[in-house]
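Colleague: Residue numbers (our numbering): 162 to 388. Note that the Cβ used here is the ideal one computed from N, Cα and C, for glycine as well. Let me give you the structure first, and then I'll get to my questions.
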């Protein structure tokens, strides 16, 4: 199943690291991967993409299976999420300039975690829509703060000739996060015969993953003030 493929991916990643560390002309120098900004920045990005894309899947499941919305209505319900991400992307450079990338990652992660956790209060009637709309809007802002912060962090402190490689790693991280999130959350939600309860459990796990990301940044990432 999905978890088996995930385990296989981890094994291949470890094998790739082992091979690259011994290669005379590695595709990705291990020295780059050992830089804290690259390593922890990409972990933050991985978690950001994994959690938010899978949350959209969970909320789509909630709207269609619990509230019995049509696919069109469910899709339109995510318009506020789109607005939130636009706002988050617009203010992120100013937040980074006013503080630094580390604090931006933390603030964005906290906002995303709080917004996601609030979704456990969703009921089985359409009266819960106001909560879903507000939470996805706020979560979209927080998630985009993390994404912009991750892109800046993951390419910081590298010489010009390594910038392309760092950007490629960040893009790979994005794709891996998007690919991993939905299968994991789908498996968690499907483990419960009650679809509403299953979605709630998956939302809690989603929040926990965001919190792990926040703690990782707090404990391991140190960045200088950005200009």
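Using CA atoms only, rank isn't needed, just tell me which of 305, 239, 339, 379 is closest to residue 295.
Modeller: With distances taken between Cα atoms, residue 295 lies closest to 239.
Colleague: Do the CB positions of residue 241 and residue 277 come within less than 8 Å of each other?
Modeller: No, they are not a contact pair.
Colleague: On a Cα-Cα basis, can you pick out the residue from 252, 346, 360, 175 that is closest to residue 307?
Modeller: The shortest C-alpha separation from residue 307 is found at 252.
Colleague: Where does the unbroken alpha helix (DSSP H) through residue 329 begin, and where does it stop?
Modeller: Here the alpha helix (DSSP H) through residue 329 covers 321–351.
Colleague: Looking only at its own chain, which residues have a Cβ that is under 6 Å from the Cβ of residue 287, when we skip the five neighbours before and after it?
Modeller: 228.
Colleague: Report yes if the CB atom of residue 219 is closer than 8 Å to the CB atom of residue 364, and no otherwise.
Modeller: Yes, the Cβ-Cβ distance between residue 219 and residue 364 is below 8 Å.
Colleague: Distance, Cα to Cα, residue 375 vs residue 362?
Modeller: Spanning the two alpha carbons is a distance of roughly 20 Å.
Colleague: Counting only runs of 4+ residues fully inside the segment 198–256, write out the alpha helix (DSSP H) ranges in chain order.
Modeller: Qualifying alpha helix (DSSP H) stretches, in chain order: 232–237.
Colleague: Cβ atoms of residue 274 and residue 368: under 8 Å apart, would you say?
Modeller: A contact, by the Cβ cut-off of 8 Å.
Colleague: Nearest CA to the CA of residue 339: which residue from 212, 191, 176, 174?
Modeller: Among 212, 191, 176, 174, the Cα nearest to that of residue 339 is on 212.
Colleague: The alpha helix (DSSP H) with residue 262 in it runs from where to where?
Modeller: Residues 262–279.
Colleague: So, with DSSP's three-state summary, where would you put residue 179?
Modeller: Of the three classes helix, strand and coil, the one that applies to residue 179 here is helix, per DSSP.
Colleague: Mark residue 201 as exposed unless 16 or more other C-beta atoms lie within 10 angstroms of its C-beta, in which case mark it buried.
Modeller: By the 10 Å Cβ count, residue 201 comes out buried.
Colleague: Please confirm whether residue 348 and residue 360 have their CB atoms less than 8 Å apart.
Modeller: Not in contact: residue 348 and residue 360 (Cβ atoms no closer than 8 Å).
Colleague: If contact is defined by three or more beta carbon pairs under 8 Å, each pair taking one atom from either stretch, is the segment 182–202 in contact with the segment 323–330?
Modeller: Yes, they touch.
Colleague: Where residue 222 and residue 322 are concerned, what is the direct C-alpha to C-alpha distance, given to the nearest angstrom?
Modeller: Going by the C-alpha atoms only, they are around 44 Å apart.
Colleague: Of the residues 373, 380, 357, which one's Cα is nearest the Cα of residue 224?
Modeller: Of 373, 380, 357, the residue nearest in Cα terms is 357.
Colleague: Going along the chain, which residues of its own chain have a beta-carbon closer than 7 Å to the beta-carbon of residue 207, five neighbours each way excluded?
Modeller: Contacts found: 334, 337, 338.
Colleague: Quick one: using the 10 Å Cβ neighbour count with 16 as the cut-off for buried, is residue 310 buried or exposed?
Modeller: Under this definition residue 310 is a buried residue.
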